[in-house]
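Mapping the sequence shown onto the numbering used here, position 55 (from 1) lands on 55, and the numbers just tick up by one. Step one of this worksheet: look at the structure below.
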Amino acid sequence: MSNADIYHEMIIDYSRNPVNYGKLEDHDVTYHDSNPLCGDSIDIDMKIDDNKVSDIKFHGKGCAICMACSSVLTEIAKGKDLDEVKNISKNDVLSELGLENLQAVRIKCALLSLKVLKYALYSYLGKHLEGDQDVDKLKEEAANLY
Ligand code: FES
Numbered sequence: 001m002s003n004a005d006i007y008h009e010m011i012i013d014y015s016r017n018p019v020n021y022g023k024l025e026d027h028d029v030t031y032h033d034s035n036p037l038c039g040d041s042i043d044i045d046m047k048i049d050d051n052k053v054s055d056i057k058f059h060g061k062g063c064a065i066c067m068a069c070s071s072v073l074t075e076i077a078k079g080k081d082l083d084e085v086k087n088i089s090k091n092d093v094l095s096e097l098g099l100e101n102l103q104a105v106r107i108k109c110a111l112l113s114l115k116v117l118k119y120a121l122y123s124y125l126g127k128h129l130e131g132d133q134d135v136d137k138l139k140e141e142a143a144n145l146y
């Protein structure tokens, strides 16, 4: 079996049996977005304790790539502190599934959940600003997310 075959199997498997799929009733932040080209949509709920993602779930609908990347992303984010979550990159997600050279038209499928996660994170941070945190800096970081 080639690497391409293995990654293909992983994507199919994740899409049939998504990991961290569902809703978190007891969440600290939730965010939703959709891909206007296909109508697929993803919601992410996060529970945050001690500045860490103690739990995370996603739900919604999407193509196999979208569902697989959402699963992988939530696996990556779970347990991470918020600064680490800020730094999760497109490549961190794509490389887990061998999608580094994905066609431009499918990139939005692969990265919809990352977009939702980053907006959820910044929405949480915006509501929990403390002391010396600079609102303008936060807005600037958020504007450069995507
Ligand atoms: Fe809609 Fe991929 S076709 S997210």
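From the three backbone atoms N, C-alpha and C, an ideal C-beta is built for every residue, glycine too. Since we're looking at a predicted model, the values are computed, not measured.
Residue from 97, 50 and 122 whose Cα sits closest to the Cα of residue 75: Mapped onto the sequence shown, residue 75 falls at position 75. The residue with the shortest Cα to Cα distance from residue 75 is 97.
Quick check: residue 11 and residue 88, are their CB atoms within less than 9 angstroms of each other? As a working mapping, residue 11 is identified with position 11 in the sequence shown. As a working mapping, residue 88 is identified with position 88 in the sequence shown. Contact flag unset, no.
Near residue 28, which residues of its chain fall below 7 angstroms by C-beta distance, leaving aside the five closest residues on each side in sequence? As a first step, residue 28 is located in the sequence shown; it is residue number 28 there, counting from the start. Around residue 28: 46, 47, 48 and 124.
Am I right that residue 110 and residue 94 are in contact with their C-beta atoms under 8 angstroms? What's the rounded C-beta distance? Reading the sequence shown from its first residue, position 110 is the one you call residue 110. Reading the sequence shown from its first residue, position 94 is the one you call residue 94. So it is a contact: roughly 6 angstroms between Cβ atoms.
Grab the span of the beta strand (DSSP E) containing residue 26 for me, first residue to last. One-based indexing of the sequence shown puts residue 26 at position 26. Where residue 26 is concerned, there is no enclosing beta strand (DSSP E), given that its DSSP letter is neither H nor E.
Would residue 71 be called buried (16 or more neighbouring beta carbons within 10 Å of its own) or exposed? Here residue 71 refers to the residue found at position 71 when the sequence shown is read from its first residue. So residue 71 ends up on the buried side.
Residues near residue 80 in its chain [Cβ-Cβ closer than 6 angstroms; skip 5 each side]: As a position in the sequence shown, residue 80 is number 80, starting the count at 1. Closer than 6 angstroms at the Cβ level, and outside the excluded window around residue 80, lie 53.
If you reduce the DSSP assignment to three classes, tell me which class residue 108 lands in. For the purposes of this step, residue 108 is identified with residue 108 of the sequence shown, where counting begins at 1. Three-state result, residue 108: helix.
Report whether the distance from the Cβ of residue 37 to the nearest heavy atom of the ligand FES is below 8 angstroms. For this step, residue 37 is matched to residue 37 along the sequence shown. Checking the Cβ of residue 37 against the ligand FES gives yes.
Relative to the C-alpha of residue 141, which candidate in 104, 36, 83 and 24 has its C-alpha closest? Here the question's residue 141 lines up with position 141 in the sequence shown. Taking only the C-alpha atoms, the option nearest residue 141 is 83.
N- and C-terminal bounds of the beta strand (DSSP E) containing residue 45: For the purposes of this step, residue 45 is taken as the residue at position 45 of the sequence shown. It spans 41-49 - the beta strand (DSSP E) in which residue 45 sits, taken as one unbroken run.
So for residue 80, helix, strand or coil by DSSP? In the sequence shown, counting from the first residue as 1, residue 80 sits at position 80. DSSP places residue 80 in coil when its eight states are reduced to three.
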